[in-house]
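Asker: First the structure, then my questions, so here it is.
Quick look at the structure:
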């Protein structure tokens, strides 16, 4: 989390001529989100985030991400609202990068969510799933089963140097999970709703951010991503109380079918494998000059091994 | 510029119990300043910066830095005002680091200052020199002549790999500048007033920030640091118009003696050598896993070589 591309006052002034959002009062690079450069921008009309999209976000996907945020915000979801240029475009360019300005949301993310945080975040995910309905654009999940194989091939040779037996685990699970992958109700999902991407005021959700992995996929998979990232303790144990709380929060807004519940064990393994693979890839291909420390893939191999012992969705807190 | 130490919501809540500054509404790591971790903090009572001091700032120097900001702010200088804890302390600690909360200042720094920016920034430096009078604490300049020799010894062996002939340049100039180093009117100086450390609203100075090199030294040396960092163009040429503008802005507030003016050529060389040495040191000792890209020492060897040809302060724009 760092600022990759500098933006000078002069760059900012030039960019703001394209927008009708007032005079800048403050402008600071902030450490946030995936590998983009983000800036806090305050003008006499409000607070905004300026994002410069670095290599991980393909410019071709921007209409989907920005259009989705606009769609969701107009349907009452507390997410950043892209600010259009005077010409009506949702994005522009600066210093040879695509960029966008979105509204700034108040609130703070929690590192160790309580059960109440989990309930409220689960409900926020379900509301997001419902509000995504009717969004005109679609985007395939590049990090779904079809994307796992090439990812694995690009780093499997180094897997055992990260953790003994990791190459075998990845190879076997990739085949098994892909073969058992279900087809369930789907629509627009966030696909990365980790605790850092949910803002709270006290215990209430005040915002959902970072839509740069959003795509069309199964709703229940999105729930599996959340259970993986919200309900494990630092020591690797699954906190059933938090799991039940998150699931209950979700189901109170959007009911789950018996098929969705029955598929949870394989969805949990798939979600764990997805983050295991991207973290392994990032670690193996880590540029020592890069500004970001790679996250530990072993956190997710541990979760994957946990899920492999699960026989029934009830073990996660589904009733 | 990055965030080195993470601060969770829970850490922040714990810290804010020590302060009487309201309820947090937003909290973001920001990329700013020397090697500290900085966070933008908004509460229902105002906007603040939380700084966690990393290795470069010695905890023993904090009373000087924070006390100075308080002293200057109370004398009308637009600088961050440290917020005391309920117990009246200007600093606290968080995640095994000393930390402080200061008021947030509006304004934006410029990368390519105009002559008018230079005039106004020069005047701000002179006001700062005057306002420092009467501050009770003192701190020696660790990066003055006495500090150059150990710095040079710690990196001179690698100097020629950075630039051909750099070891000879540093060795000769270190001796020559130290021998010719003057004794002139002194007091509290900023010692690092680069363009990133001055905030503007339109062309007016709205704030001076980053006091973590402040110390007691010659006022004219502080002016030399500014001329070095504000008045050279990207191509290495000295912009006499900007030099004259900055000097004029300074002298309109605090007159310079003939001794101070006559000493400018050696002060300019000393200021250039100081930044050349710290940049060289940082480059040579750069940890490839560090979050910050080392700045280019060659920018300052070029400036030093320029100053070596200067015979008279008039060449910088002094009349």
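Chains as they are written, first to last, in the numbering used here: chain A, 4 to 322; chain B, 4 to 322.
Glycine is no exception: its CB is placed at the ideal position from the N, C-alpha and C atoms.
#1: Could you spell out the range, first to last residue, of the alpha helix (DSSP H) harbouring residue 304 (chain A)?
#2: Quick check: what's the CA-CA separation for residue 305 (chain B) versus residue 32 (chain B)?
#3: Hey, how far is the Cα of residue 253 (chain A) from the Cα of residue 192 (chain A)?
#4: Within the chosen definition, does the segment 240 to 253 of chain A reach the segment 205 to 214 of chain A through at least 3 CB pairs nearer than 8 Å?
#5: Indicate the three-state DSSP secondary structure (helix, strand or coil) for residue 177 (chain A) in the structure shown.
#6: When the distance is taken between beta carbons, is residue 107 (chain A) closer than 8 Å to residue 24 (chain A)?
#7: State the start and end residues of the unbroken beta strand (DSSP E) segment that holds residue 34 (chain A).
#8: Are at least three pairs of beta-carbons, each pair with one atom in the segment 266 to 278 of chain B and one in the segment 213 to 231 of chain B, less than 8 Å apart?
#9: Using a Cβ-Cβ cutoff of less than 7 Å, which residues in the same chain neighbour residue 283 (chain A) once the five nearest sequence positions on both sides are dropped?
#10: Suppose you measure from the CA of residue 206 (chain B) to the CA of residue 124 (chain B); what does that come to, to the nearest Å?
#11: Residue 90 (chain A): buried (16+ other C-beta within 10 angstroms of its C-beta) or exposed?
#12: When you compare each of B:67, B:280, B:311 to residue 85 (chain B) by their alpha carbons, which one comes out closest?
#13: Using DSSP bridges, identify the partner residues of residue 52 (chain A).
#14: Pull up the DSSP beta-bridge partners for residue 147 (chain A), would you.
#15: Looking at C-beta atoms only, is the number of pairs between the segment 131 to 139 of chain A and the segment 59 to 77 of chain A that lie closer than 8 Å three or more?
#16: So the beta strand (DSSP E) residue 269 (chain A) belongs to, where does it begin and stop?
#17: So, are the CB atoms of residue 257 (chain B) and residue 133 (chain B) less than 8 Å apart?
#18: Under the assumption that residue 187 (chain B) contacts residue 223 (chain B) (Cβ atoms under 8 Å), give the Cβ distance between them as a whole number of angstroms.
#19: Pair every Cβ in the segment 35 to 49 of chain B with every Cβ in the segment 6 to 13 of chain B, then say whether three or more of these pairs are closer than 8 Å.
#20: Using DSSP's beta-bridge definition, name the partner residues of residue 192 (chain B).
#21: Taking 7 Å as the limit between beta carbons, can you name the residues of its chain near residue 126 (chain A), skipping five residues before and five after?
#22: Which word fits residue 130 (chain B), buried or exposed, when buried means at least 16 other C-beta atoms lie within 10 angstroms of its C-beta?
#23: Going along the chain, which residues of the segment 22 to 45 of chain A sit with their C-beta nearer than 8 Å to a C-beta in chain B?
#24: Quick one: does residue 12 (chain A) have its CB under 8 Å from some CB of chain B?
#25: Thinking just about the alpha-carbon of each residue, which of A:262, A:34, A:199 is nearest to the one in residue 116 (chain A)?
#26: Consider the Cβ of residue 242 (chain B): report whether some Cβ of chain A lies at a distance smaller than 8 Å.
#27: Please work out which residues of its chain come closer than 8 Å, Cβ to Cβ, to residue 109 (chain A), disregarding the five sequence neighbours upstream and downstream, and give them in chain order.
#28: How should residue 288 (chain A) be labelled, buried or exposed, when 16 other C-beta atoms within 10 angstroms of its C-beta is the threshold for buried?
#29: Residue 113 (chain A) CB to nearest chain B CB: under 8 Å?
#30: So what does residue 241 (chain B) bridge to, in DSSP terms?
#31: Could you give the DSSP three-state label for residue 100 (chain A): helix, strand or coil?
#32: Determine the DSSP secondary structure at residue 187 (chain B), reduced to helix, strand or coil.
#33: Please classify residue 320 (chain B): does DSSP put it in a helix, a strand, or coil?
#34: Any C-beta of chain B sitting closer than 8 Å to the C-beta of residue 49 (chain A)?
#35: Helix, strand or coil, according to DSSP, for residue 4 (chain A) in the structure here?
#36: Quick check on residue 4 (chain B) - is its C-beta less than 8 Å from some C-beta in chain A?
Answerer: In short:
#1: Walking along the first chain from the start, residue 304 (chain A) turns up at place 301. Unbroken alpha helix (DSSP H) run through residue 304 (chain A): 301 to 311.
#2: Reading the second chain from its first residue, position 302 is the one you call residue 305 (chain B). Reading the second chain from its first residue, position 29 is the one you call residue 32 (chain B). About 35 Å.
#3: For this step, residue 253 (chain A) is matched to residue 250 along the first chain. For this step, residue 192 (chain A) is matched to residue 189 along the first chain. Computed Cα separation, rounded: 14 Å.
#4: no
#5: Residue numbering aside, residue 177 (chain A) sits at position 174 when the first chain is read from its first letter. Residue 177 (chain A): helix per DSSP, three-state reduction.
#6: Residue mapping note: residue 24 (chain A) aligns to position 21 of the first chain, counting from 1. Residue mapping note: residue 107 (chain A) aligns to position 104 of the first chain, counting from 1. No, Cβ-Cβ distance for residue 24 (chain A) and residue 107 (chain A) is not below 8 Å.
#7: Along the first chain, one-based indexing puts residue 34 (chain A) at 31. Element bounds for residue 34 (chain A): 27 to 34.
#8: yes
#9: Taking the first chain and counting its residues from 1, one reaches residue 283 (chain A) at position 280. Within the same chain, residue 283 (chain A) has close Cβ partners 158, 162, 165, 300.
#10: Along the second chain, one-based indexing puts residue 206 (chain B) at 203. Along the second chain, one-based indexing puts residue 124 (chain B) at 121. Straight-line Cα distance between these residues: approximately 10 Å.
#11: Position 87 of the first chain, counting from 1, holds the residue named residue 90 (chain A). Classification of residue 90 (chain A): exposed, given that the 10 Å Cβ count is below 16.
#12: Counted from its first residue, the second chain places residue 85 (chain B) at position 82. Measuring from the Cα of residue 85 (chain B), the nearest candidate turns out to be B:67.
#13: Here residue 52 (chain A) is taken as the residue at index 49 of the first chain, counted from 1. BP columns for residue 52 (chain A) point to A:43, A:105.
#14: As a position in the first chain, residue 147 (chain A) is number 144, starting the count at 1. Paired residues: none, contrary to the question.
#15: yes
#16: Taking the first residue of the first chain as 1, we reach residue 269 (chain A) at position 266. First-last for residue 269 (chain A): 267 to 287, but that is the alpha helix (DSSP H), not the beta strand (DSSP E).
#17: Start at 1 with the first residue of the second chain, and residue 257 (chain B) comes out as number 254. Start at 1 with the first residue of the second chain, and residue 133 (chain B) comes out as number 130. A contact, by the Cβ cut-off of 8 Å.
#18: As a working note, residue 187 (chain B) is residue 184 in the second chain. As a working note, residue 223 (chain B) is residue 220 in the second chain. With a Cβ gap of about 5 Å, residue 187 (chain B) and residue 223 (chain B) count as contacting.
#19: yes
#20: Within the second chain, residue 192 (chain B) is the residue found at index 189, counting from 1. Bridge partners of residue 192 (chain B): B:218.
#21: Here residue 126 (chain A) refers to the residue found at position 123 of the first chain. The answer, listed in chain order, is 252, 253, 255, 256.
#22: As a position in the second chain, residue 130 (chain B) is number 127, starting the count at 1. So residue 130 (chain B) ends up on the buried side.
#23: 27, 28, 29, 30, 31, 32, 33, 34, 35, 43, 45
#24: The residue labelled residue 12 (chain A) in the question sits at position 9 within the first chain. Judged by the 8 Å Cβ criterion, residue 12 (chain A) is in contact with chain B.
#25: For the purposes of this step, residue 116 (chain A) is taken as residue 113 along the first chain, with counting starting at 1. That would be A:199, whose Cα lies nearest to the Cα of residue 116 (chain A).
#26: Position 239 of the second chain, counting from 1, holds the residue named residue 242 (chain B). No, residue 242 (chain B) does not count as interfacial toward chain A.
#27: Position 106 of the first chain, counted from the first residue, corresponds to residue 109 (chain A). The residues are 202, 204, 209, 210.
#28: On the first chain, position 285 is the one that residue 288 (chain A) refers to. With fewer than 16 Cβ atoms within 10 Å of its Cβ, residue 288 (chain A) is classed as exposed.
#29: Residue 113 (chain A) sits at position 110 when you count from the first residue of the first chain. Chain B, which has a Cβ nearer than 8 Å to the Cβ of residue 113 (chain A), makes this yes.
#30: Here residue 241 (chain B) refers to the residue found at position 238 of the second chain. Note: residue 241 (chain B) sits in a beta bridge opposite B:235.
#31: The residue labelled residue 100 (chain A) in the question sits at position 97 within the first chain. If DSSP states are grouped into helix, strand and coil, residue 100 (chain A) belongs with the strands.
#32: Here the question's residue 187 (chain B) lines up with position 184 in the second chain. Residue 187 (chain B) falls in the coil class under three-state DSSP.
#33: Walking along the second chain from the start, residue 320 (chain B) turns up at place 317. If DSSP states are grouped into helix, strand and coil, residue 320 (chain B) belongs with coil.
#34: Locating residue 49 (chain A) in the first chain gives position 46, where the first residue counts as 1. For residue 49 (chain A), the answer is no, since every Cβ of chain B falls outside 8 Å of its Cβ.
#35: Numbered from its first residue, the first chain carries residue 4 (chain A) at position 1. The predicted position of residue 4 (chain A) is uncertain, since its pLDDT is 43 and thus under 50; a value taken from the coordinates is nonetheless stated next. Note: residue 4 (chain A) maps to coil in three-state DSSP.
#36: For the purposes of this step, residue 4 (chain B) is identified with residue 1 of the second chain, where counting begins at 1. With a pLDDT of 43 at residue 4 (chain B), under the threshold of 50, the modelled position of this residue cannot be trusted, and the question is left open.
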